[in-house]
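Novice: Chains A and B, in that order, are what the protein sequence lines are. For the first sequence, the residue numbers in the working numbering are 61 to 218. For the second sequence, the residue numbers in the working numbering are 61 to 218. All C-beta atoms in this analysis are idealised placements derived from N, C-alpha and C, irrespective of residue type, glycine included. A quick note: this is a predicted structure, and the numbers were derived from the prediction, not measured. Here you go, one structure.
2 protein chains.
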Amino acid sequence: MLTAWRSAFLVLASLFFLPSTPQTPPADPKAEILAFNEKFINAHLRMDNPAIIAMWAEDGVSLLPSMAPLAGRAAIGKFINDISAQMPGYKIVREKIDFHDIRVSGDWASEWGIETQGLQPPNQPSMEGYGKILFVLHKDSSGQWKIQHEMWNASPKP
Amino acid sequence: MLTAWRSAFLVLASLFFLPSTPQTPPADPKAEILAFNEKFINAHLRMDNPAIIAMWAEDGVSLLPSMAPLAGRAAIGKFINDISAQMPGYKIVREKIDFHDIRVSGDWASEWGIETQGLQPPNQPSMEGYGKILFVLHKDSSGQWKIQHEMWNASPKP
């Protein structure tokens, strides 16, 4: 029973000596994911590869069509930079992702989206691409949501 | 301070009146997901559509290549049954999925896998298909893990 009394005492003590300074307001995980999504879309519109790569978890995995899994931020970053190097002068002129079903449980979250991307090649008409994306996100030790798993496949024109 | 005393009293009361009967052992979520995976693979090997469909959440979403999202168990079930009806006499002779990165947080889980499927058409040589799968799973109110979101795309031959 010593343990029980000790616990009760600690609870009492903690209740009597509540700090009078205001507490940090609780995080709103859904708002955090919405902000993450906006940051992801804007980084693509700016074609800001370092910003996109920084949104990945160190041990994230990207699952893209007709490719083996890309495992780790380094491999994913190299892939993103290689694609950009192979498409000099191309501009992403439109990036729209309608995200659905944001689910958060502790430090883990998931959501899926329908993507429309407008791509402008140099001296050619612009092209539209349609796809779907599924994200598993993880909040890292610094409190930032990162992409843990990403998968993408093509969609018909909506 | 009434609230503080009341809380302390309740804590004390709960500590003094701990039940003496043994508690249910804690569930091992990873073992549950491994069992889920085995059930999923075996249902495919048996081509048991009702069993596959029953593994979906009522409001699950399937994200398949070159298709709009299939939303809800009813729509997903219809798609699975339609595919089977269009392939009379075909047999799934091999179904292998190497799952990776099982992550569980409360009632939510995710994992991805590399799939090889052997399909035997009637009176023709068998074919092998290669793909990747990403699952978001949710434990429903009955304690069963269900597919909340599924995405798939093709892989090169490993």
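Against Met211 (chain B), what residues of chain A qualify as contacts under a CB-to-CB distance less than 9 Å, listed in chain order?
Specialist: If you number the second sequence from 1, residue 211 (chain B) lands on position 151. Near Met211 (chain B) (Cβ distances below 9 Å), the residues of chain A are Leu123, Trp172, Lys192, Ile193, Leu194, Met211, Trp212, Asn213.
Novice: Can you give me, in chain order, the residues of the region 104-133 of chain A that have a beta carbon less than 8 Å from any beta carbon in chain B?
Specialist: Residues Val121, Leu123, Leu124, Pro125, Ser126, Met127, Ala128, Pro129.
Novice: Is the CB-CB distance between Leu197 (chain A) and Ile112 (chain A) below 8 Å?
Specialist: Taking the first residue of the first sequence as position 1, residue 197 (chain A) is located at position 137. Taking the first residue of the first sequence as position 1, residue 112 (chain A) is located at position 52. No, the pair does not count as a contact, with Cβ atoms beyond the cut-off.
Novice: Which residue marks the beginning of the alpha helix (DSSP H) containing Arg133 (chain B), and which one marks its end?
Specialist: Here residue 133 (chain B) is taken as the residue at index 73 of the second sequence, counted from 1. Note, Arg133 (chain B): alpha helix (DSSP H), 133-146.
Novice: Starting from the C-beta of Asn141 (chain A), find all residues in its chain whose C-beta is less than 7 Å away, skip the five residues before and the five after it, and write them out in chain order.
Specialist: Here residue 141 (chain A) corresponds to residue number 81 of the first sequence, with the count starting at 1. The answer, listed in chain order, is Asn109.
Novice: What does Asp161 (chain A) touch in chain B if you count any residue whose Cβ is under 9 Å from its own?
Specialist: Locating residue 161 (chain A) in the first sequence gives position 101, counting from the first residue. Those within 9 Å of Asp161 (chain A) in chain B are Asp119, Val121, Val196, Gln208, His209.
Novice: Considering only C-alpha positions, which residue in the set A:His209, A:Glu171, A:Gly189, A:Met115 is nearest to Ser126 (chain B)?
Specialist: For the purposes of this step, residue 126 (chain B) is taken as residue 66 along the second sequence, with counting starting at 1. It is A:Gly189.
Novice: For chain A, check one thing: does any of its Cβ atoms lie closer than 8 Å to the Cβ of Gly189 (chain B)?
Specialist: Here residue 189 (chain B) is taken as the residue at index 129 of the second sequence, counted from 1. With 8 Å as the cut-off, Gly189 (chain B) does not count as an interface residue toward chain A.
Novice: Take the Cβ of Val164 (chain A) as the centre, count every other Cβ of all protein chains shown within 10 Å, and call the residue buried at 16 or more, exposed below.
Specialist: If you number the first sequence from 1, residue 164 (chain A) lands on position 104. Burial call: buried.
Novice: Given a cut-off of 8 Å on the beta-carbon distance, is the pair Leu105 (chain A) and Ile152 (chain A) in contact?
Specialist: Numbered from its first residue, the first sequence carries residue 105 (chain A) at position 45. Numbered from its first residue, the first sequence carries residue 152 (chain A) at position 92. Against a cut-off of 8 Å, the Cβ pair of Ile152 (chain A) and Leu105 (chain A) comes out as a contact.
Novice: Ends of the alpha helix (DSSP H) at Lys217 (chain B)?
Specialist: Sequence index remark: in the second sequence, residue 217 (chain B) carries index 157 (1-based). No alpha helix (DSSP H) contains Lys217 (chain B), which DSSP labels as neither H nor E.
Novice: Would you call Lys192 (chain B) buried or exposed, if buried means 16 or more other Cβ atoms sit within 10 Å of its Cβ?
Specialist: If you number the second sequence from 1, residue 192 (chain B) lands on position 132. Lys192 (chain B) is buried by the Cβ-count criterion.
Novice: Can you tell me the Cα-Cα spacing of Leu124 (chain B) and Met211 (chain B), whole angstroms?
Specialist: Counting from one through the second sequence, the residue named residue 124 (chain B) turns up at place 64. Counting from one through the second sequence, the residue named residue 211 (chain B) turns up at place 151. If I take the Cα positions, the gap works out to 6 Å.
Novice: Hey, quick one: how far does the beta strand (DSSP E) through Ala117 (chain A) stretch, first residue to last?
Specialist: In the first sequence, residue 117 (chain A) corresponds to position 57, counting from 1. Note, Ala117 (chain A): beta strand (DSSP E), 116-123.
Novice: For the alpha helix (DSSP H) holding Ala103 (chain A), just list the boundary residues, first then last.
Specialist: In the first sequence, residue 103 (chain A) corresponds to position 43, counting from 1. 89-105 is the extent of the alpha helix (DSSP H) around Ala103 (chain A).
Novice: In its own chain, which residues sit with a C-beta less than 6 Å from the C-beta of Phe139 (chain B), not counting the 5 before and 5 after it?
Specialist: Residue numbering aside, residue 139 (chain B) sits at position 79 when the second sequence is read from its first letter. So the qualifying residues of the chain are Leu130.
Novice: Ser165 (chain B) CB to nearest chain A CB: under 8 Å?
Specialist: Within the second sequence, residue 165 (chain B) is the residue found at index 105, counting from 1. Taking Cβ atoms only, chain A reaches closer than 8 Å to Ser165 (chain B), which makes this a yes.
Novice: Does any CB atom of chain B fall closer than 8 Å to the CB of Pro89 (chain A)?
Specialist: Sequence index remark: in the first sequence, residue 89 (chain A) carries index 29 (1-based). Chain B contact via Cβ: absent.
Novice: Any idea which residues DSSP pairs Ile174 (chain B) with across the strands?
Specialist: Reading the second sequence from its first residue, position 114 is the one you call residue 174 (chain B). Answer by DSSP bridge pairing, in chain order: B:Asp158, B:Lys192.
Novice: Go ahead and label Gln146 (chain B) buried or exposed: buried means 16 or more other beta carbons lie within 10 angstroms of its beta carbon, across all protein chains shown.
Specialist: If you number the second sequence from 1, residue 146 (chain B) lands on position 86. The residue is exposed, with fewer than 16 neighbouring Cβ atoms inside 10 Å.
Novice: Return the chain-ordered list of same chain residues with a C-beta closer than 7 Å to the C-beta of Phe100 (chain A), the five sequence neighbours on each side being excluded.
Specialist: Position 40 of the first sequence, counting from 1, holds the residue named residue 100 (chain A). Excluding sequence neighbours, Phe100 (chain A) sits near Met115.
Novice: Would you call His160 (chain A) buried or exposed, if buried means 16 or more other Cβ atoms sit within 10 Å of its Cβ?
Specialist: In the first sequence, counting from the first residue as 1, residue 160 (chain A) sits at position 100. Under this definition His160 (chain A) is an exposed residue.
Novice: Do Gln177 (chain A) and Tyr150 (chain A) count as a contact pair if the criterion is CB distance below 8 Å?
Specialist: Counted from its first residue, the first sequence places residue 150 (chain A) at position 90. Counted from its first residue, the first sequence places residue 177 (chain A) at position 117. Taking 8 Å as the Cβ cut-off, Tyr150 (chain A) and Gln177 (chain A) do not qualify as a contacting pair.
Novice: May I ask you to report which of helix, strand or coil DSSP gives Ala111 (chain B)?
Specialist: Within the second sequence, the letter at position 51 stands for residue 111 (chain B). Three-state DSSP puts Ala111 (chain B) in a helix.
Novice: State the DSSP-derived secondary structure class of Met127 (chain A), mapped to helix, strand or coil.
Specialist: Looking up residue 127 (chain A) in the first sequence gives position 67. In this structure, Met127 (chain A) counts as coil in the three-state DSSP scheme.
Novice: Could you check the C-alpha separation between Asp158 (chain A) and Lys156 (chain B) for me, to the nearest Å?
Specialist: Your numbering for residue 158 (chain A) matches position 98 in the first sequence. Your numbering for residue 156 (chain B) matches position 96 in the second sequence. When rounded, the distance between both Cα atoms is 33 Å.
Novice: Run down chain A in chain order and give the residues with a C-beta less than 9 Å from the C-beta of Pro216 (chain B).
Specialist: Position 156 of the second sequence, counted from the first residue, corresponds to residue 216 (chain B). Under the 9 Å cutoff, chain A gives Ser126, Met127, Ala128.
Novice: With a threshold of 8 Å between beta-carbons, can Ile205 (chain B) be considered close to chain A, or not?
Specialist: Taking the second sequence and counting its residues from 1, the one referred to as residue 205 (chain B) is at position 145. Position check: residue 205 (chain B) holds Trp in this sequence, whereas Ile was assumed. It does not; no Cβ of chain A falls within 8 Å.
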